[in-house]
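Some notes on the structure that comes next.
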Amino acid sequence: MENDLKELYSCYKYNLGDLPENLSEGYFLNPENIYTIGGTILFGQEPNGWSESFDSYAKGIDNIINNQKKTRFCQKIKMVREQGGLINNIAKFALNKNGKHPPISQQDDFWRKMYEKFEFRGEIATIYQHELKILKPNKILLLCGPGRKRAVEIAFQFENGFIDNFVPRLNKDKCANQFEYNDITFMYALHPQAHMNAETRKEYDTRIENFLKNEL
0 MENDLKELYS CYKYNLGDLP ENLSEGYFLN PENIYTIGGT ILFGQEPNGW SESFDSYAKG
60 IDNIINNQKK TRFCQKIKMV REQGGLINNI AKFALNKNGK HPPISQQDDF WRKMYEKFEF
120 RGEIATIYQH ELKILKPNKI LLLCGPGRKR AVEIAFQFEN GFIDNFVPRL NKDKCANQFE
180 YNDITFMYAL HPQAHMNAET RKEYDTRIEN FLKNEL
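Sequential numbering of the sequence shown, starting at 0, is according to numbering that gives the first Met the number 0.
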């Protein structure tokens, strides 16, 4: 699996071509025995200062948990890691080491290219689709909120309009929405740092905990 991912990322970077000077290091996965086939992958919205190279992936995530362990987002990361899951990003790069991935509407040619399909082992797909074929998860938890809807739609190549019914909202009924797509169970949820009232926060946490525990 590790060699498969290294080969994939080498092909991906080749297809991206020259990278902008202010770009962060690419955020590339390395399972390092913490991921099991059929596990969970959590997607954050951008690297935003926690982008790590392939070989320092696990160490980088541990540093995030240790240094920011009181944030709600890091608590969700910890929950996924404890069950052997992987942490990923809906963007493979940040503008700089402390920067953020811009909205799709503000993307230049490079950002658009980051989501383009490319050929790997005879199949043409996005980097995220290629990753899923190698990792074979049974669950994906999207914690990137409604602001990354277009990025989510492009990354996973959902059929036009499909994701509209599952975009999370700031209310109890829509805070975290579950659906099935291509034999994978997804949950598309608000970012954990979103401002929710007490009732919505309780429902949000319960849905995510049940999702991770397979109590679906």
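We put the CB at the ideal spot given by N, CA and C, even for glycine.
| Query | Result |
| --- | --- |
| Please tell me whether Lys-173 and Thr-199 are closer than 7 Å, where the distance is taken between their beta carbons. | no |
| Under 8 Å: do the region 67-76 and the region 27-40 share three or more Cβ pairs, one atom per stretch? | no |
| May I ask you to check if the CB of Val-166 is nearer than 6 Å to at least one heavy atom of the ligand ZN? | By its list of ligands, the structure shown contains no ligand whatsoever, and the ligand ZN lies outside what it can speak to. |
| Considering only the beta carbon of each residue, do Phe-117 and Asn-14 sit closer than 7 Å? | yes |
| Under the three-state reduction of DSSP, which class applies to Glu-81: helix, strand or coil? | helix |
| Going by DSSP, which residues form a beta bridge with Ile-86? | Leu-41 |
| Measuring straight from C-alpha to C-alpha, what distance separates Lys-138 and Gly-38? | 7 Å |
| Could you round the C-beta distance between Ala-90 and Gly-144 to whole angstroms and report it? I think they count as a contact, below 8 Å. | Between Gly-144 and Ala-90 the Cβ distance is about 13 Å, and since that is not below 8 Å, they are no contact. |
| Do Phe-92 and Ser-9 count as a contact pair if the criterion is CB distance below 7 Å? | no |
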